[in-house]
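Data first, discussion second: the structure below is written as structure tokens.
2 protein chains.
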Amino acid sequence: DIVSNLQRVPPLLTDLYQFTMAYAYWRAGRHQEPAVFELFFRDNPFGGGFSIFAGLDDCLLFLQSFHFTDEDVDFLRSVLPPATDPAFFQFLRGLDCSGVTVRSVPEGTLVFARVPLMEVEGPLAVVQLLETSLLCLVNYASLVCSNAARFRLAAGPSRRLVEMGLRRAQGPDGGLTASRYTHVGGFDLTSNVQAGFLFGIPVAGTMAHSYVTSFTSLEEVYPRTLATVNGDPVDFISLTKVWLSHVSGLLEAEPGKIREDELAAFLSYAVSYPHNFLPVIDSYSVGCSGLLNFCAVALALCELGYQPVGVRLDSGDLCRQSVDVRRVFRLCRKHFSIPAFDSLIIMATNNISEQSMAELNKKNEIDVVGVGTHLVTCTKQPSLGCVYKLVEVRGRPRMKSSEDPEKSTVPGRKAVYRLVGADGHAFLDLVCLGAEASPQAGVPLSCFPLGCDGSVVTPAQVTCLFQEVFTKGQVRVVMTAPTFIY
Amino acid sequence: DIVSNLQRVPPLLTDLYQFTMAYAYWRAGRHQEPAVFELFFRDNPFGGGFSIFAGLDDCLLFLQSFHFTDEDVDFLRSVLPPATDPAFFQFLRGLDCSGVTVRSVPEGTLVFARVPLMEVEGPLAVVQLLETSLLCLVNYASLVCSNAARFRLAAGPSRRLVEMGLRRAQGPDGGLTASRYTHVGGFDLTSNVQAGFLFGIPVAGTMAHSYVTSFTSLEEVYPRTLATVNGDPVDFISLTKVWLSHVSGLLEAEPGKIREDELAAFLSYAVSYPHNFLPVIDSYSVGCSGLLNFCAVALALCELGYQPVGVRLDSGDLCRQSVDVRRVFRLCRKHFSIPAFDSLIIMATNNISEQSMAELNKKNEIDVVGVGTHLVTCTKQPSLGCVYKLVEVRGRPRMKSSEDPEKSTVPGRKAVYRLVGADGHAFLDLVCLGAEASPQAGVPLSCFPLGCDGSVVTPAQVTCLFQEVFTKGQVRVVMTAPTFIY
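If you read the sequences in order, they're chains A and B.
Residue numbers for the first sequence follow UniProt numbering, so the first one is 1 and each next one is one higher.
Residue numbers for the second sequence follow UniProt numbering, so the first one is 1 and each next one is one higher.
Structure below.
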């Protein structure tokens, strides 16, 4: 389950300075002072206009299980300065988040730069210690979720999208986090089995080139028969060879270029998984070999009553090839009167970026797109700069000025409202001080967008974006199925 | 220990198609056929001329513990097609790497594109199942290690480098992997406590802006006395105030701009850790406040016999400020005759990239550089494209052609030799077929660099880069302290 997975985030996975600061607070007797930190980012990622907030579930599980073991404390004793009072380690040993309360926008919410996403309130030393871990859990989750949403927008609503970036992800957990939050951001499936296991995301996949190239001849195919859906075994190799000659004739192919080793691979897969036949057809040559071998095996499957699934293209001009492949499918369907060929899907993979995804909206016949590297590593901008800033201590607003004016912070606790117009569309996220009266539907309101003149707006509807999700150590809202709120 | 950490890489952290392929091999009775895969990348990262191979330790621990639990197998039963023969799950349940042998270049080796880094030999179904996990463990480790090496080259050999990217890393483990392998690549320290705990990397850190901005007045400072190194307690606040007036006079500062809340933060830290005083001095203004407060506290510490450590700059023009800060340190040293001020270090942090690191070689006084986002996420190129390609089955060389010629593979098992010239410098990595005779020192040799004409070279020394590191399920070479072989 998710909890056992998330127990991997130990409280030592943080920066050393959190402990030296916690010590100085403790030494000064300030560790119990009520403090409030705010989590936000300064710029939308990928040069875009929005982000998706994600990682809240992970944060809540982290907070819930936050405590230091004897082993943790022993290690801290060895790395903190020798001047550290031994009683501080006793204090750490007894620490948990029972004094911490978190208000947050819901998992999967569309959010914007400079608007607070999460407010963490509790004893100064504790909420200080949480900083790095919370940022680590929110930053990448939100980044990769936002990236997935951009791929989804580029792909349009109907194309099916498969995340398959595990091998290029930034570490094993980078891959797991990617699979989880790209699903929240709009991907349908993942290749990552562990993500299916832990998070219930549908998994997909059939074969790689190595499978195809591992075969050398038809001698390797076993079993050599396949039962019809009604049960009678048929010599599947001979049947496929007959279909291959029909297809070769129809397409005027050069029989010498059709690779028997590839055919052996396809046959072996088909006899193993006759209901799930979707081979990769470009291990050698799509036009001269892979497509012909696919059609032959698929036609044989159809004859025995099975529905072949489709093909995967993994190199070259994917759009052009998909058009060629579809044309052949239609030709076979018509010539051999096989309606099952109308339902074949074409899957495309090969270093797809957000831009190349958008280009797939040109003429093509691709039904499913698999995306790896650019999706999971967020090539265009591989980090989201969420920060965690102190805004209040003992009821007093705090701020940071800076040599860089844009790194200054806005002091005080905030409330965030999403204002919706008469047309049902949100038009403004309003940040107020927590102490200010909340805006009211139908009541005109002055607001001051950053860098613009003030203006008066009248919301038809007002939603408070913050929810109290963690109250004095207890998870309040259990997010079951995170949804991307478009 | 490392083993308990690495047990987090479960064998389900792989692509689904590895299982569908393994099933098809098993069904055809081919699962035990001896097969060889090769791991390599096609282009050096960051547009550079080299990479550092890393992640081998993780791979060996993964291979050593590779097996499926009942729970894993139950999950696979639920996601593989219903046609899957139940006996296959029994087969998976009994699987391990006892038939697998790995040859590899050593951890931390300088390596080049298209040269095999690792050769994995074993039963076809098993070595197929290992693909995604091994790639995931090598790709990011090698990428971030190479990135660290580039930062180290840009920084020069003497500047101390601190990795502090955890909060921006791609997931919790992305951060841990980054801390580990940037240390291999040439970083001295990390802020990541868990990385210190698991891998023994020295950890560093003192305070953040939130610590400074949490203070509002000198009333919050406690204890208000500090003992001299000989033991007598002194009113540390009064002492520092005297020094502050001296420093203000010397630097002709405007007393009204010196922030007492910042002074309170520095004092509180100094009384807690008098031997480890290194505050961040730009929470408000370096020149008008932070630097003066630092000097006052540091001079008071010196008077009591302590050595203050230095300052951290986290915004603005780091080079220019470091020069200003050093000038003030020298002025104080001279005017107050405090030799301890000669040893103060200046640490700089603030979104350092490889390029801005190189620019730090202009006039500046920075001793220590902390690097986060650009280091750990490898902004310039956030993924290394290592691939894992089948090169031999049952003694027969295998290759993949492709619609993209550069995605074709070189068939057959290889040997890799590093050729060293008479001057002691390596000049060529030679890839041969495994069956070919190895090159001999002093014997002229024809070689054919990719894309160039052949030429004849005479190595003074020949090193075989591959070592057998895993033999039939057993780790052969335990890599203790990985070193970056420049």
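We treat Cβ as the ideally placed atom computed from N, Cα and C, and that holds for glycine.
The structure displayed is predicted, hence computed values, not measured ones.
Reference residue i; option with closest CA among the options
i	options	result
glycine 421 of chain A	A:Gly454, A:Pro411 and A:Thr458	A:Thr458
leucine 39 of chain A	A:Pro82, A:Ser133 and A:Met21	A:Ser133
arginine 159 of chain A	A:Gln474, A:Leu61 and A:Val368	A:Val368
arginine 224 of chain A	A:Ser214, A:Phe236, A:Phe215 and A:Thr213	A:Phe236
aspartate 96 of chain B	B:Val280, B:Ala296, B:Leu267 and B:Ala125	B:Ala125
isoleucine 281 of chain A	A:Ile345, A:Val475 and A:Gly49	A:Ile345
phenylalanine 68 of chain B	B:Glu33, B:Val221 and B:Thr14	B:Thr14
lysine 334 of chain B	B:Cys378, B:Leu299 and B:Asn364	B:Leu299
glycine 442 of chain A	A:Val462, A:Leu430 and A:Phe427	A:Val462
valine 371 of chain B	B:Asp70, B:Ala149 and B:Thr228	B:Ala149
tyrosine 17 of chain A	B:Phe466, B:Val212 and B:Ser337	B:Val212
Span separating the alpha-carbon of residue i from that of residue j
i	j	result
serine 455 of chain A	cysteine 447 of chain A	6 Å
leucine 226 of chain A	alanine 113 of chain A	59 Å
phenylalanine 53 of chain A	proline 106 of chain A	8 Å
phenylalanine 470 of chain A	arginine 103 of chain A	7 Å
phenylalanine 329 of chain B	aspartate 342 of chain B	7 Å
lysine 362 of chain B	leucine 375 of chain B	21 Å
leucine 153 of chain B	phenylalanine 66 of chain A	39 Å
aspartate 85 of chain B	aspartate 232 of chain A	18 Å
proline 255 of chain A	asparagine 147 of chain B	50 Å
alanine 481 of chain B	tyrosine 181 of chain B	Legend: pLDDT at alanine 481 of chain B = 37, less than 50; position of this residue unreliable, value from coordinates given subsequently. Straight-line Cα distance between these residues: approximately 12 Å.
glutamine 64 of chain A	proline 411 of chain B	53 Å
threonine 177 of chain B	cysteine 59 of chain A	20 Å
glycine 310 of chain B	valine 242 of chain B	20 Å
phenylalanine 41 of chain B	glycine 385 of chain B	5 Å
leucine 445 of chain B	serine 438 of chain B	10 Å
leucine 251 of chain A	valine 323 of chain A	15 Å
tyrosine 284 of chain B	glycine 290 of chain B	7 Å
glutamate 354 of chain A	alanine 253 of chain B	54 Å
residue 488 of chain B	alanine 195 of chain B	Since the first residue shown for chain B is 1 and the last is 486, residue 488 of chain B is missing from the structure and cannot be characterised.
Residue i, buried or exposed, once every other Cβ within 10 Å from all chains shown has been counted against 16
i	result
alanine 141 of chain A	buried
arginine 327 of chain B	exposed
serine 179 of chain B	buried
alanine 155 of chain B	buried
aspartate 423 of chain A	exposed
phenylalanine 215 of chain B	buried
threonine 228 of chain B	exposed
asparagine 230 of chain A	exposed
leucine 27 of chain A	Correcting the residue type first, residue 27 of chain A is arginine in the shown sequence and not leucine. With 16 or more other Cβ atoms within 10 Å, it is buried.
CB contact flag (residue i, residue j, <8 Å)
i	j	result
leucine 313 of chain B	valine 271 of chain B	no
valine 193 of chain A	valine 184 of chain A	no
valine 100 of chain B	glycine 122 of chain B	yes
alanine 348 of chain A	isoleucine 366 of chain A	yes
methionine 21 of chain A	methionine 164 of chain B	no
valine 162 of chain B	leucine 189 of chain B	yes
tyrosine 25 of chain B	leucine 80 of chain B	no
cysteine 378 of chain A	valine 144 of chain A	yes
arginine 30 of chain B	glutamate 220 of chain A	yes
proline 308 of chain B	leucine 318 of chain B	no
arginine 450 of chain A	arginine 418 of chain A	Residue 450 of chain A is actually leucine in this sequence, not arginine. Cβ atoms of leucine 450 of chain A and arginine 418 of chain A: not closer than 8 Å.
valine 9 of chain A	proline 172 of chain B	yes
Neighbourhood of residue i by C-beta, 6 Å cutoff - its chain only, sequence neighbours within 5 removed
i	result
cysteine 432 of chain A	Ala415
glycine 175 of chain B	Leu166 and Ala169
histidine 246 of chain A	none
glutamine 474 of chain B	none
valine 37 of chain B	Here the sequence assigns phenylalanine to residue 37 of chain B, which means valine is not the residue at that position. Cβ within range, chain order: Val120, Val127, Tyr388 and Leu390.
threonine 409 of chain B	Lys389, Met399 and Lys400
Cβ shell of residue i (< 8 Å), same chain only, five flanking positions each side left out
i	result
phenylalanine 89 of chain A	Val73, Leu76 and Arg77
lysine 472 of chain A	Ser98, Gly99, Val100 and Thr101
Same chain, Cβ closer than 7 Å to residue i, neighbours up to 5 away in sequence not counted
i	result
glutamine 381 of chain B	Pro45 and Phe46
serine 217 of chain A	Glu260, Asp261 and Ala264
valine 115 of chain A	Phe40, Val416, Asp429 and Val431
leucine 117 of chain A	Leu39, Phe40, Phe53, Ser104, Val105 and Val111
Contact test: residue i Cβ vs the ligand GTP heavy atom, cutoff 7 Å
i	result
alanine 415 of chain B	Absence of the ligand GTP is noted for the structure shown, with no ligands found whatsoever.
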